[in-house]
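Remarks on the structure that follows.
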Amino acid sequence: MAGALAAAERTAINGTHIEAAWSLARRAVRDTCRLVAMDRDAVDQIIKGVDDTMRVMSRSEDQASPILSNNPERHTPSGGTDRSRSQNSENAVRKLKQWYQDSCQICATTLVLPSPRHRYSEAAHIRAREHGGPDLTENLLCLCPNCHVLFDAGAYVLTDDLGVVDTVTHRLQAELKRHRWPYINPNHVRHHRHHWTSRNLAPLSRRKQ
47 MAGALAAAER TAINGTHIEA AWSLARRAVR DTCRLVAMDR DAVDQIIKGV
97 DDTMRVMSRS EDQASPILSN NPERHTPSGG TDRSRSQNSE NAVRKLKQWY
147 QDSCQICATT LVLPSPRHRY SEAAHIRARE HGGPDLTENL LCLCPNCHVL
197 FDAGAYVLTD DLGVVDTVTH RLQAELKRHR WPYINPNHVR HHRHHWTSRN
247 LAPLSRRKQ
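To get my numbering, take the position in the sequence shown, counting from 1, and add 46.
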């Protein structure tokens with residue numbers, strides 16, 4: 047049920063979807079109990095246990111995930127209506143930030159801002175929009191503002207196996223943090239790297255120093 051609710055909203059499953067699904071399931075269990083004359087006390091005890099678990103999960107989610115995530119960036123890629131293209135762009139950015147909980151894939155920083163309390167991260171295009179980069183999760187990274195600037199300016203590039211290399215020192219800075227779901231298109235990675243590095247430069251090092 048939670049999956050169906052999330053699919054209808056075109057977003058990842060979150061606590062709200064799980065809570066709504068359990069609300070429907072709870073009602074169905076109680077209705078079935080009345081129909082088949084089951085032991086109501088035993089069923090209520092089971093339901094109470096699940097309710098308590100749901101409350102604990104809800105509190106944990108609130109603590110781990112501040113109230114709001116920052117609004118996704120807006121962009122109209124080529125093809126389709128303006129409204130559908132903008133919605134697809136927002137969906138891709140929202141999905142990316144939910145996957146990483148607004149934690150930077152390079153430095154692991156998670157910014158939390160007050161009033162109202164919310165996390166902040168930025169969606170960085172690997173292949174830049176002006177170079178034909180699409181608004182798809184395969185072409186997006188979840189980054190903090192600092193790493194976003196460094197990446198967009200070519201101070202950071204990615205190796206084919208997704209190491210993060212500092213182009214000033216030619217040294218490996220980190221391994222790009224990866225969620226198990228997103229696919230990163232290697233063609234976009236190579237385009238970004240080749241755009242910012244010259245063939246006359248020394249080979250980029252994979253050795254962290």
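C-beta atoms are modelled at their ideal positions from N, C-alpha and C, and glycine is treated no differently.
Out of the options, state which residue places its alpha-carbon closest to the alpha-carbon of residue i.
i	options	result
T205	T155, R217 and R165	R217
K223	D198, L142, V214 and A74	L142
R175	H225, P232 and D198	D198
Residues in the same chain with beta-carbon distance under 6 Å from residue i, minus the five sequence neighbours each way, listed in chain order, please.
i	result
H194	E168 and A170
Q133	none
R239	V203
Q219	V210 and D212
Exposed or buried, which one is residue i when buried takes at least 16 other CB atoms within 10 Å?
i	result
G179	buried
L186	buried
L70	exposed
T183	buried
Q91	exposed
V235	buried
V158	exposed
Tell me the DSSP secondary structure of residue i in three-state form.
i	result
G179	coil
D98	helix
D198	helix
D87	helix
V214	coil
Within a Cβ cutoff of 7 Å, which residues of the same chain sit near residue i, ignoring the five residues on either side of it in sequence?
i	result
W242	G200, V203 and T213
A138	D181, L182, T183 and L186
Strictly under 8 Å for the Cβ-Cβ distance: is residue i near chain D by that measure?
i	result
E221	Of the protein chains in this structure there is only one, and it is not chain D.
Within the same chain, show all residues whose beta-carbon is closer than 8 Å to that of residue i, passing over the 5 residues directly before and after it, in chain order.
i	result
S149	T155, T156, S167, C188 and K223
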